[in-house]
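Everything on this sheet refers to the single structure shown next.
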Ligand code: GLC
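Residue numbers (this note's numbering): 4 to 517.
Rendered as structure tokens:
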């Protein structure tokens, strides 16, 4: 781990299509992000991650890259992106780009060359079997589309052929080893893309499907990890301040492979889902921890989280997220009070937190037809709601020209309305993040110890000299215990500590200094 600036980083994730449209063509753009940097900074986020903003046919919202070195014209130019890096740096902020490492678009020039019958420089840039009518050793594949005889391996959707980083163990004649010349060339091409943007001022990458590189890798991802360690060595020599965030969801592996951070993703049934989305198919029976009436048991989360934390805390950071462009927004099943408590928890935990644009005002999940390969995810990708004006301040284009419709409800939350209300979700997030920024003990590195996790009692945890108390339920709870709670630095609802008795009113939270 090398990037020191992560010690107090709080990220804001931007889906560029939907953040702010500065040229009124109905879609967000890089200049729009530049114009809103002050908003992000005042919110308390000092770093941003932008979803892929490169040239693409957009069959998967840009995760199908056609040219890694060119900003998609709909978002602006490479010069605009460089200006974003420079403006962010002037404001002491950092910018991560999204690196789609495992696959390209089927329209990428490498793939067009690779699919030709005659051998050429790019024949082995992707993974091809040698017979169009055979299967592909258990991997997902497409056949019958190209003049080349063989099937090609997919990494995700049909439009995303897998780049060839080789196989851990070669068992078929058409497979190449991960340390063979073909796979090494792919790896060097990846480094070349990284250098291109790092030299222009980007501060690192969030890596898409980071565990997906080497095929038929083992459980420990030995092959893929070795590649990332090699990439890390390059960064250490050439860009020592660059930060790498993995979409891997296994910090024990990813951080040892050279990543600085790894996301705790929402997977049905895992620890994170017990916090926010514990309802599978029965939305009316939501048992997640932050639901007021769910009987709140944090241990279902901690059983998994603490293992991950202990295993990774000296190597790098776990990134807790409010949500992301692939998940349903938390407002879908939580009201503003529940969200305040959820965010209070996330922003007082160790590691590097990520806030998805719009979650700070509780933007709703919209049920919408699919757009650019979004399917159910489309509903979490609608335009940012800035004010009560035209298109809620996102764009001056006609409403039918917008990338996606804005929230049509009369009480759609907006930044401007919440700025006026001291008790709004937005202002609560601001206060929380300003507290985190002022207190080193709330930041990425400070330790974590749980003091009471018993259901029906206050949740109490310690971060350095600070004690954090939380009651997600609708009834008052209390705990008799000697605790050094000297000064309340921040609170939601009623909390008190008298004569060794900690009492937390319904849905309350506080941070105390010892
Ligand atoms: C990641 C991205 C997702 C994308 C997929 C394929 O999971 O977050 O949006 O569709 O990878 O690139």
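Ideal placement from N, C-alpha and C gives every residue a C-beta, glycine not left out.
Residue 57 and residue 305 have their C-alpha atoms roughly 38 Å apart. Within the same chain, 24, 27, 28, 29, 394 come within 8 Å of residue 400 by CB-CB distance, once the 5 residues on both sides are set aside. Residue 361 and residue 52 have their C-alpha atoms roughly 14 Å apart. Listed in chain order, the beta strand (DSSP E) elements of length 3 or more contained wholly in the segment 472 to 516 are 480 to 483, 490 to 495, 498 to 501, 504 to 507, 511 to 516. Distances from the CA of residue 366 to each of 9, 387, 40 were compared; the closest alpha carbon is that of 387. In the structure shown, residue 358 adopts extended strand secondary structure according to DSSP, grouped into three states. Following the DSSP letters along the chain, one finds residue 264 in no alpha helix (DSSP H) but inside the beta strand (DSSP E) bounded by residues 264 to 266.
Residue environment: residue 475 is assigned as buried (16 or more neighbouring CB atoms within 10 Å of its CB, all protein chains considered). In this structure, the beta-carbon distance from residue 383 to residue 368 falls below 7 Å.
For residue 113, same chain residues with a beta-carbon under 7 Å away, outside a window of 5 residues either side, are 107, 125, 128 in chain order. Ranked by Cα distance from residue 149, the options 118, 425, 142 are led by 118. Distances from the alpha-carbon of residue 39 to those of 396, 251, 200 put 396 closest.
Taken in chain order, the unbroken stretches of beta strand (DSSP E) that lie wholly in the segment 290 to 370 and span 3 residues or more are 320 to 322, 357 to 359. When the alpha-carbon of residue 335 is set against those of 293, 98, 492, 315, the nearest one is in 293.
Only exposed fits residue 115, as fewer than 16 other CB atoms lie within 10 angstroms of its CB.
In this structure residue 234 is not in contact with residue 188, their Cβ atoms being roughly 15 Å apart against a cut-off of 8 Å.
Counted as a single uninterrupted DSSP element, the stretch harbouring residue 259 is not any beta strand (DSSP E), since DSSP gives it neither H nor E.
Apart from sequence neighbours up to five positions away, the residues of its chain that approach residue 85 with a beta-carbon distance below 8 Å are 203, 204, ordered along the chain. Around the beta carbon of residue 426, a 10 Å sphere encloses fewer than 16 other beta carbons of the protein chains shown; the residue is thus reported as exposed. Looking at the DSSP output, residue 74 bridges to 57. A residue is called buried when at least 16 other Cβ atoms come within 10 angstroms of its Cβ; residue 326 meets this threshold and is buried. The closest heavy atom of ligand 1 lies less than 6 Å from the beta carbon of residue 159. Residue 465 sits buried, since 16 or more C-beta atoms from the chains shown fall within 10 Å of its C-beta. Note on residue 175: under 16 other CB atoms within 10 angstroms of its CB, so exposed under the neighbour-count rule. In the three-state reduction of the DSSP assignment, residue 92 falls in the helix class, which pools H, G and I.
By the Cβ neighbour-count rule, residue 409 is buried, with 16 or more other Cβ atoms within 10 Å of its own. As computed with DSSP, residue 16 is found in a beta bridge with 52, 359. A contact between stretches requires three or more CB pairs, one per stretch, nearer than 8 Å, and the segment 495 to 511 meets this requirement with the segment 333 to 350.
For residue 328 and residue 501, the gap between their C-alpha atoms comes out near 44 Å. The beta carbons of residue 290 and residue 281 sit closer together than 7 Å.
In the three-state scheme derived from DSSP, where H, G and I count as helix and E and B as strand, residue 156 is classed as strand.
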